[in-house]
Amino acid sequence: MNEESEIVGHPEYVGHTVVHPLGLMAVVVLGICVLLLPRRWAVLPLLIMACFIPSAQRIFIIGLNFDFLRIMVLFGVMRLILRNEHLAFVWKPLDTIMVLWVCSSMLFYSLQQGTFSAVINRLGFGFDAFGMYFLFRCLIRNWEDIDRLVIGCIIISIPVAAFFLLENWTGHNLFSIFGGVDAITPVREGRLRCQGAFSHAILAGCFWASLLPLFAAYWWKGIKERVWAVVGLITTSIVVICCASSTPVMGVIAGVIGGGMFFLRRHMRLVCWGILLTLIALHLVMKSPVWYLVGRFSTIGGSTGWHRVNLINQAILHFNDWWLTGCSGYTVLSWGVHAGDVTNQYILEGVCGGFLTFCLFIVVIVIAFREVGSLWRSQSRYPYRLALSWALGVSLFVHCINFIGVSYFGQIIMIWYMILAMIGSLSIQAAPMLMPRMILSSKAIKKQRYRNLKAGGG
């Protein structure tokens, strides 16, 4: 629940400047690339930094932790100012609710903790949220930008998958030289849990599982691009398998289910209501509450499904502890939750910022899904854009499933904000294409009214 969780099991790196020569070279070179590359390629250096440099690499200044990914965001902001690329920004409803959610979390967490360190923590959270989200909103503007982003991610995934295979083969993590990750790969139930440069094996798998729908959508771009789509699907699968964690596997399954729902896309309202009513029915007939089903979806040996169920159960039973401004980690520990570990993003929102912050987080997701719905409807005549629009919704759905089994920290938060920013930017592209249909509809209504008046003798 705090910035220290970004370096799991390595508290010695918190509050200290940790700079490896290779890490310093990477942040300088990639930062310059952010400044100089054409706009549609400017996001890729941030992705490279996230995938190959652990978050332990940081500069600590007067109580503020600037990990290298945050420094890359500063380079991005500098680019926007120098090139006036922020002037093309168009405000959307998703931007408004994002601001309200982040401000709510910052305010209530600071009030709840009542310490200066809490204020610093929320400043870091706000910097990540506002910096990454609005940077991506300014840099990713249209379909061509997303094309470059998807192919760039596929290319990056090739060396990432190679490093994961090497770690799985040797049991040694080469990225340990940077700090923040174990040199010897952890083992659970006889399986190596590879993590590469990521903050945790689960988060590494979730990172790439959320990109899988976008890679699959690239199949519809053209015959030549299908090879790249297959490469992306293979590399993503390799990373998820090497992570040996249930949550990323469930994310992949969610992606497959979400992709299959494409054929029912015009009936999704009925599907959603059907799922909701089914869950209510199960809740009424089951001996245990319906959220106990979470514990049954264990795809990897050693999965802590019961901990996740208990966390949900205790959060509901102790609603009075957190509804107003959230609660401390010590309070969560008193619930009987193992080590006070909040491995659920939805519950973490409530614990950090109370019920209002939790609700605003849900509204962010709902509005993002609504924008995706408008987007794919506007692109129904363009197969690739239609597939890519749907893939954005599926990726969002994968994140929603991931949130049940893990709370985000480290590099994966960048992908979360990037997906939201892509949806926000493309929703602007959808609006002009919906206008002609709205105009035609209004004309048709006027003609029908005229016919009715004429038929009635008016």
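Quick note: the sequence shown uses my numbering, first residue 7, plus one each step.
All residues carry an ideal CB built from backbone N, CA and C; glycine is no exception.
| Query | Result |
| --- | --- |
| Please report how far the alpha carbon of residue 211 lies from the alpha carbon of residue 243, in whole angstroms. | 9 Å |
| Report the rounded CA-to-CA distance for residue 65 versus residue 313, giving the unit in angstroms. | 35 Å |
| Quick check: residue 222 and residue 265, are their CB atoms within less than 8 Å of each other? | yes |
| For residue 62 versus residue 185, is the C-beta distance shorter than 8 Å? | yes |
| Going by C-alpha distance, which of 288, 29, 343, 332 is nearest residue 311? | 343 |
| Return helix, strand or coil for residue 444, following the three-state DSSP convention. | A caution first: residue 444 carries a pLDDT of 44, below 50, which makes its placement in the model unreliable, though a value can still be read off. The answer is helix: DSSP assigns residue 444 an H, G or I state. |
| Expressed to the nearest angstrom, what Euclidean distance is found between the alpha-carbon atoms of residue 417 and residue 53? | 9 Å |
| Checking the sheet assignment: what are the DSSP bridge partners for residue 65? | 72 |
| Quick one: measure Cβ to Cβ for residue 231 and residue 144, integer angstroms, because I've assumed they're closer than 8 Å. | That pair is no contact at about 27 Å. |
| Reducing DSSP to helix, strand and coil, say where residue 199 ends up. | coil |
| Where DSSP assigns a beta bridge to residue 193, which residues make up the other side? | 198 |
| With DSSP as the reference, identify every bridge partner of residue 178, one or two as the case may be. | 190 |
| Is residue 263 near residue 297, with beta carbons less than 8 Å apart? | no |
| Going by Cα to Cα distance, which pick from 178, 197, 395 is closest to residue 189? | 178 |
| Sorted by chain position, which residues of the same chain lie with C-beta nearer than 6 Å to residue 324's C-beta, five sequence neighbours on each side aside? | 341 |
| Buried or exposed: which applies to residue 372, given that a residue is buried once 16 or more other Cβ atoms fall within 10 Å of its Cβ? | exposed |
| I need the boundaries of the alpha helix (DSSP H) containing residue 342, first residue and last residue. | Run containing residue 342: none; DSSP gives neither H nor E here. |
| So, with DSSP's three-state summary, where would you put residue 24? | strand |
| Between 73, 167, 357, 282, which has its C-alpha nearest residue 336's C-alpha? | 357 |
| With a threshold of 7 Å, establish whether the CB of residue 281 neighbours any heavy atom of the ligand MG. | Ligands in the displayed structure: none, and consequently the ligand MG is not present. |
| Rounded to whole angstroms, what's the CA-CA distance from residue 423 to residue 401? Just pull it up for me. | 12 Å |
| Please report the straight-line C-alpha distance between residue 26 and residue 376, rounded to a whole angstrom. | 44 Å |
| Using the Cβ count rule (16 or more neighbours within 10 Å means buried), how would you classify residue 69? | exposed |
| Please name the residue, chosen from 205, 384, 35, that lies closest to residue 420 on a Cα-to-Cα basis. | 205 |
| Would you decide whether residue 99 is buried or exposed? Buried here means 16 or more other CB atoms lie within 10 Å of its CB. | exposed |
| Return the residue from the list 383, 201, 193 that minimises the CA-CA distance to residue 272. | 383 |
| Going by DSSP in three states, residue 216 sits in which element: helix, strand or coil? | coil |
| I'd like the span of the alpha helix (DSSP H) that includes residue 57, first residue to last. | 50-58 |
| Under the rule that 16 or more other beta-carbon atoms within 10 Å means buried, what is residue 196, buried or exposed? | exposed |
| Compute the Euclidean distance between the alpha carbons of residue 20 and residue 73, then round it to the nearest angstrom. | 10 Å |
| Quick check on the burial criterion: 16 or more other C-beta atoms within 10 angstroms. Buried or exposed for residue 23? | exposed |
| Please say whether residue 360 and residue 329 have beta carbons closer to each other than 8 Å? | yes |
| Rounding to the nearest angstrom, what Cα-Cα distance links residue 322 and residue 351 in this structure? | 14 Å |
| Which residues mark the beginning and the end of the alpha helix (DSSP H) in which residue 321 is found? | 311-323 |
| So, helix, strand or coil for residue 6, using DSSP? | Because the chain here runs from 7 to 464, residue 6 falls outside it and cannot be looked at. |
| Work out the CA separation of residue 292 and residue 130 for me, nearest whole Å. | 43 Å |
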